[in-house]
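Take a look at the structure below.
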Amino acid sequence: MEQKEIQSPEKNIEALRARARTEAIADFLGTNLVELSPGYAKVTMKMKPEYVNFNGVVFGGIIACLADQAFAYATNSVHTPNVAIQFNIHFIASAGANDELTAECRVVKAGKRVCISEMTVTNQNGKLIAKASGTTIPLS
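According to our numbering, the sequence shown is numbered sequentially starting from 5.
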């Protein structure tokens, strides 16, 4: 599938919202794009018992997936296509099977060669679950 750069932020946002409605991985994970503006995205995800690991808490990979979804939307809102070359996450607290998590991403540097972003993941009570950072490169 050939992708073309979309120049205006408004068209980027419009295109990303349309993609979010039909994105297979978002459907599979059950993520919901709640808010999107240039350089910012907010994504939610209801946890399920199937996400709980042998320690009785939500598997870290699920939390990372949620942060990565927000990361993808936020970075692609400033430049499309924009792909990750680095992602780092720190788990601060555990999440449970009944939690609804929210990931927010803010692009802190949107350059021609690299974009740097910071993400937070919180639960429904505002408790900090994870902090992440990531780097992307624009492809065109």
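Backbone N, C-alpha and C define an ideal beta-carbon position, used for all residues, glycine too. All figures in this text were calculated on a predicted structure; none of them were measured in a lab.
In the structure shown, I67 adopts helical secondary structure according to DSSP, grouped into three states.
With respect to A45, A76 sits close: the two C-beta atoms are nearer than 9 Å. In this structure, F32 is the residue among F58, F32, V87 with its C-alpha nearest to the C-alpha of L70.
Between I133 and A97, the gap from beta carbon to beta carbon is short of 9 Å.
The beta carbon of N57 lies closer than 6 Å to those of F63 in the same chain, with the five residues before and after it left out.
Excluding five sequence positions before and after V87, the CB atoms of its chain that fall closer than 8 Å to its own CB belong to T140, I141, L143, given in chain order. Rounded to the nearest whole angstrom, the C-alpha separation of A24 and V82 is 16 Å. In this chain, F32 is not harboured by any beta strand (DSSP E); it is covered by the alpha helix (DSSP H) spanning 28-33. Annotation for E39: A45, K46 place their beta carbon closer than 8 Å to its own, counting only its chain and skipping 5 residues before and after.
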